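Some notes on the structure that comes next.
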Amino acid sequence: MSEIREVIINNDRLATDEYLVNMGPQHPSTHGVLRLLVRLEGEKVLNIQPHSGYIHSGIEKMCEAITYPQIIHLTDRMDYLSAHMNNEAVALCVEKALQVEVPDRVKYIRTIMDELARLASHQLWWCVFGMDLGALTTFFYGLRDRELILDIFEETCGARMTVSYNTPGGLMFDIHPNFQKRVKDFIKYFRTKLPEYDKLLSGNVILRERTEGIGHLSLNDAIAFGVTGPSGRASGFSCDVRKNQPYSAYPFVKFNEILDFRCDTLARYEVRIKEMYESLNIIEQLIDNIPEGDYAVKMKGVLKLPEGEFYQRVESARGEFGVFIISDGKKNPYRVKFRSPGFSNLFALNKMTKGHKIADLVAIMSTLDLIIPDIDR
Amino acid sequence: MKSFIEYIVSIFKGVWTLLVGMKVTAKYFFTPWNHVTQQYPENRDKLVMFERFRGEVIMPHTDNNEHLCTGCGICEINCPNGSIEIISKSIVTPEGKKKRIIDQHIYHLGMCTLCNLCVKACPTGAIVMGQKFEHAVWDRSLLTKVLNQPGSKIAEGVKE
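Read top to bottom, the protein sequences are chains F and E. Counting from 172, one number per residue, gives the positions in the first sequence under our numbering. Counting from 5, one number per residue, gives the positions in the second sequence under our numbering.
Have a look at this one:
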């Protein structure tokens, strides 16, 4: 009812052959509880109004009541596929405020973990993208390879997804003795499997037909909407935080920022596939050179940040993730704001989908790689 | 005419890409023995979790029913969501001194997010993470556990 009322209030009456359809919150292709109010003319999408908030958990407000080391376990649960990066953002922000310099060992391990998490996230995205387009096989192939990364996480961090591994001042544990061997085995294995991904899906005629020229997002629009991450880079927006504002061990490694200027769904697909190769390159450069040293700096029992405002951004698997902390000198933050990539990316969907068919909406939304708890927080 | 030839060629190219993809799936279809998943409920006896796996918080006891917990409450302060409650009692030691010791270390597994902060903060290493992960029960009250066993006492020589 309320949607219909909105339409009438905006003095924007539906034409005779137009209708409003709710896509979600239980629709499988929205990957969670996201509701899209789609205005259709036949099969043509005229307008999309995203309604988020179904899984809003008040994480920003909860952060005001807990101490800084305790925030870590909440950021795991926002964007659960890039938990390492989210944890790292909070850890780096607190370290920046306290002016703590972490040892090189911590930086190297953090970067390796980031890239492994990015690989795992892109693998899951790849399986789900195939599944959204109707190719169920990709789902099993992607998850098969992702399992090996989750095993690495489980052995070193103690959990598969909600890792809570980065803490302010360092890491929760030192790496497991098997860690380096396992990562090297995985890289060797995955280098043989990535070409299989291309054979299976990238060259497939059905995928090409459904993605080429669909969902055009121009560079200006990408910047205007703040679309970051692989989705932004596919529009030629050079927004890689790892390159522009290097943190942790990224200044020590050589890698390319993957850019594509075709701006369509296929470009976003190929940027992610190429990023997996880049992630493997970054890990290969670091894995043999982890310096000796402590895995954490000795921090005080109760962390109190100095009064002021602190911001730290990192590149999560979906784009730029930012943490903004306002401190009033107490042990709890006064206010915490997370800049999540999913939220900005979601609202470019309307621009990208206008005029396309409803089946294209599924493909376009899938390439944005939305994680709903990341949007709602 | 040219567009017609392109159309025919595109059909054959399209079918070729499908065949390339099916070659990959066929390879796995005819060599399944390398790619089967874990048979989970059947392999329970042999299933070994990684030693750092966080399944639940436990308090190890020695054979003499002794533990290392002093009841200081640091784990309770460090817990982000109130999963741990420490109930302490005061006793009089044989030397005539008053002393606070632990009565019950209550752990709400249903609220725990397994973030490892309590284990990391514990000054005596009294609590550790257990590997058990099958926590499903029929009654929610079974998820509230008392970690120190009845009749247990603190081990000799634990610095308070």
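The beta-carbon is built from N, C-alpha and C at its ideal position, and this holds for glycine as well. Here the structure is a predicted model, which means the values were calculated and not measured.
- Cβ neighbours of F:Val533 within its own chain (closer than 6 Å, five residues either side excluded): Ser200, Asp303.
- Going by C-alpha positions, F:Gly341 is about 45 Å away from E:Phe33.
- Within the segment 239 to 254 of chain F, those residues whose Cβ lies closer than 9 Å to any Cβ of chain E are, in chain order, Pro240, Gln241, Ile242, Ile243, His244, Leu245, Asp247, Arg248.
- Scanning the segment 45 to 75 of chain E for uninterrupted alpha helix (DSSP H) segments of 4 residues or longer gives nothing; none is fully contained.
- When the alpha-carbon of F:Thr333 is set against those of F:Arg433, F:Arg281, F:Arg248, F:Ser419, the nearest one is in F:Arg248.
- In the three-state scheme derived from DSSP, where H, G and I count as helix and E and B as strand, F:Pro422 is classed as helix.
- Burial state of F:Ile237 is buried, judged by a 10 Å Cβ sphere holding 16 or more other Cβ atoms.
- Assigned with DSSP and collapsed to three states, F:His198 falls in coil, not helix or strand.
- Excluding five sequence positions before and after E:Ile158, the CB atoms of its chain that fall closer than 8 Å to its own CB belong to Glu70, His71, Leu72, Cys73, Thr74, Ile105, Ile106, given in chain order.
- Straight through space, the alpha carbons of E:Thr41 and F:Leu388 are spaced by roughly 40 Å.
- Taking C-beta separations shorter than 8 Å and ignoring five residues to either side along the sequence, the partners of F:Leu474 in its chain run Thr238, Tyr239, Pro240, Val265, Leu269, Pro339, Lys502, following chain order.
- A direct Cα-to-Cα measurement between F:Ile358 and E:His109 gives close to 45 Å.
- Rounded to whole angstroms, the separation of the alpha carbons of F:His222 and F:Asp547 is 10 Å.
- For E:Leu121, at least one C-beta of chain F is nearer than 8 Å to its own C-beta.
- Taken through DSSP and simplified to helix, strand or coil, E:Lys17 comes out as helix.
- Under the 8 Å criterion on CB atoms, F:Asn375 is classed as interfacial with respect to chain E.
- Residue contact check for E:Gly86 against chain F: no CB pair falls below 8 Å.
- Between F:Leu217 and the set F:Glu428, F:Tyr190, F:Lys364, F:Lys471, the nearest pair of CA atoms involves F:Tyr190.
- Between F:Glu286 and F:Cys410, the C-beta gap is not smaller than 8 Å, which leaves the two residues out of contact.
- Cβ proximity to chain E below 9 Å picks out Thr338, Met343, Phe344, His347 from the segment 336 to 356 of chain F.
- No Cβ-Cβ contact shorter than 8 Å links F:Ser335 with F:Ala488.
- Uninterrupted beta strand (DSSP E) stretches at least 3 residues long and entirely within the segment 90 to 164 of chain E occur at 102 to 112, 132 to 134, 148 to 150, given in chain order.
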